[in-house]
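Have a look at the structure below, then the notes.
Below, the structure is given as structure tokens:
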């Protein structure tokens, strides 16, 4: 079994047609602890979606499902969490933030979390 990576999903949605919802489900299936932040509180299976910027620790991976404009309010928050890596999913690309994260020693990937999980590259 691969190492479990505590993952923060930002842009989480309770809509089963959204990629963030599918990612939460797939992360759970693969045994990764999941924390979710979204515009609205709700639940995806047994994962609570929180609003705002909750106090979190030991986040391995942040996976973003927000476009660059909507990421702005979370950028300092994410940098303070100092995750090992940030995944910019398709549509979430943000070169300026990616550069800032890399300067802070955070690995940056422009990739699809769902593809990474399904190909065991997560």
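Numbering (our numbering), first residue to last: 10 to 131. For glycine and all other residues, C-beta sits at the position ideal for the given N, C-alpha and C.
Under 7 Å between C-beta atoms of residue i and residue j
i          : j           : result
residue 70 : residue 18  : no
residue 35 : residue 118 : no
residue 5  : residue 122 : No statement about residue 5 is possible, as the shown extent of the chain runs from 10 to 131 and does not include it.
residue 20 : residue 74  : yes
Cβ shell of residue i (< 6 Å), same chain only, five flanking positions each side left out
i          : result
residue 27 : none
residue 41 : 13, 14 and 16
DSSP bridge partner residues for residue i (one or two, in chain order)
i           : result
residue 110 : According to DSSP, residue 110 bridges with nothing at all.
residue 94  : 70 and 116
residue 17  : 44 and 71
Own chain partners of residue i with C-beta closer than 7 Å, once the 5 adjacent residues on each side are dropped
i           : result
residue 24  : 30
residue 100 : 76
From the options, residue whose alpha carbon lies closest to that of residue i
i           : options           : result
residue 106 : 79, 130 and 52    : 79
residue 66  : 86, 54, 39 and 96 : 86
Assumed close pair residue i, residue j - CB separation to whole angstroms, cut-off 8 Å
i           : j          : result
residue 116 : residue 93 : 6 Å
residue 62  : residue 45 : The Cβ separation is near 13 Å, so there is no contact.
residue 22  : residue 47 : 6 Å
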